[in-house]
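Structure below.
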């Protein structure tokens with residue numbers, strides 16, 4: 507007896523794109539650029555990807571906005587470009603220190619500086 511199916515979904519986050527207000531959860535978050543694949547499964551093991559979807563997703567409720575492949579490539583290029591690294595560092599800091607107090611943030615930054623000086 508062979509058990510097969512479809513619908514296993516994997517989501518690969520490429521990186522943070524921009525801050526946007528979500529229409530579903532009403533939160534202002536930095537949305538992520540994602541590639542979503544749907545798989546054909548055999549005995550509950552994903553075997554063949556049969557659908558690829560490009561989108562930006564809300565990090566809280568995972569609602570999404572579909573993108574074309576051209577839009578996706580353009581956003582991916584802007585994420586990886588050198589001119590965006592300054593903005594990306596501030597976005598990464600916001601994501602890294604989310605939920606921390608100001609004292610905890612200062613301590614973590616000092617530890618990172620100490621680690622960088624040691625190298």
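In our numbering, the protein residues as written are 507 to 625.
C-beta atoms are modelled at their ideal positions from N, C-alpha and C, and glycine is treated no differently.
Cβ-based burial, residue i [other Cβ within 10 Å; buried from 16]
i, result
"residue 578", "buried"
"residue 609", "exposed"
"residue 560", "buried"
"residue 586", "exposed"
"residue 563", "buried"
"residue 583", "exposed"
"residue 529", "exposed"
DSSP bridge partner residues for residue i (one or two, in chain order)
i, result
"residue 526", "535"
"residue 573", "560"
"residue 607", "Note: residue 607 sits in no beta bridge, so no partner."
"residue 540", "519 and 561"
Residue i vs residue j beta-carbon contact at 9 Å
i, j, result
"residue 541", "residue 522", "no"
Nearest candidate by alpha-carbon position, reference residue i, set the options
i, options, result
"residue 538", "617, 532, 566 and 603", "566"
Cβ neighbours of residue i in the same chain (closer than 6 Å, five flanking residues each side left out)
i, result
"residue 555", "543 and 545"
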